[in-house]
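Accompanying notes for the structure given below.
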């Protein structure tokens, strides 16, 4: 028996890759179950990035079966899902109809109208929508903060460097959400 005394570093370059290898069994089990959504022959019922997992299902019943597979595989990996961070976003014609409760690890999952995944805010509705309010607000908050603090400062090179350092990444993120 090998005793682990530490894990991978939070934010480390290899952390997402190592975690993806670690949880690959979950994705493989979901794919082989034939549950979830498919585009042609390609399974798109499960997306894994770092420690975030998204499940796509056409029905609540199928989603509960997928959750059970995740729970079983997580048990084999000696891993638990954080139910407080796990949520369900419904999209489609009956997105607002009351439906059966869903559970993982004996805990009920919360239905939400909005969730954040990889910095993008997804909205529930008849069609999947994105909210641009948060990234726009972050951009303008950073820009206004810089412009307020440099009031009366005449070195344009320094001001442009601050804007490029603090605002440009936020603007790029906003543009990437739009494209």
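In my numbering, the protein residues as written are -15 to 163. Even for Gly, the Cβ is constructed at its ideal location relative to N, Cα and C. Quick caveat, the model's predicted, so the values are computed rather than measured.
Take residue i and list the residues in its own chain whose beta-carbon comes closer than 8 Å to its own, dropping the five residues that flank it on each side.
i, result
"residue 142", "134"
"residue 46", "19 and 20"
"residue 146", "130 and 134"
"residue 29", "14, 15, 19, 20, 21, 22, 39, 40, 41 and 50"
How would you write the range of the beta strand (DSSP E) that residue i sits in, first residue to last?
i, result
"residue 100", "98 to 101"
"residue 71", "71 to 73"
"residue 137", "Taken as a continuous stretch (DSSP letters only), residue 137 belongs to no beta strand (DSSP E), as it is neither H nor E."
"residue 36", "36 to 39"
"residue -3", "No beta strand (DSSP E) holds residue -3; DSSP gives it neither H nor E."
Secondary structure at residue i, three-state DSSP: helix, strand or coil?
i, result
"residue 155", "helix"
"residue 54", "helix"
"residue 123", "helix"
"residue 115", "strand"
"residue 26", "strand"
"residue 67", "helix"
"residue 109", "strand"
"residue 79", "coil"
Tell me which residues share the same chain as residue i and place their Cβ nearer than 6 Å to its Cβ, disregarding the 5 neighbours each side in the sequence.
i, result
"residue 245", "Within the shown structure, residues of the chain are numbered from -15 to 163, placing residue 245 beyond reach of any answer."
"residue 10", "54 and 57"
"residue 118", "105"
Taking 7 Å as the limit between beta carbons, can you name the residues of its chain near residue i, skipping five residues before and five after?
i, result
"residue 103", "157"
"residue 55", "88 and 89"
Where do the N-terminal and C-terminal ends of the alpha helix (DSSP H) with residue i fall, by residue?
i, result
"residue 173", "The requested residue 173 is not part of the displayed model; the chain covers only -15 to 163."
"residue 14", "8 to 17"
What's the call for residue i, buried or exposed, on a 16-neighbour Cβ count within 10 Å?
i, result
"residue 23", "exposed"
"residue 7", "buried"
"residue 151", "buried"
Cβ contact (3+ pairs, closer than 8 Å) linking the stretch 42 to 57 and the stretch -10 to 6: Counting C-beta pairs closer than 8 Å gives fewer than three between the stretch 42 to 57 and the stretch -10 to 6, which falls short of the contact rule.
Answer yes if the stretch 55 to 74 comes into contact with the stretch 27 to 34, meaning at least three C-beta pairs across the two stretches below 8 Å, and no otherwise. In the pairwise beta carbon analysis, the stretch 27 to 34 is classified as not touching the stretch 55 to 74: fewer than three pairs are separated by under 8 Å.
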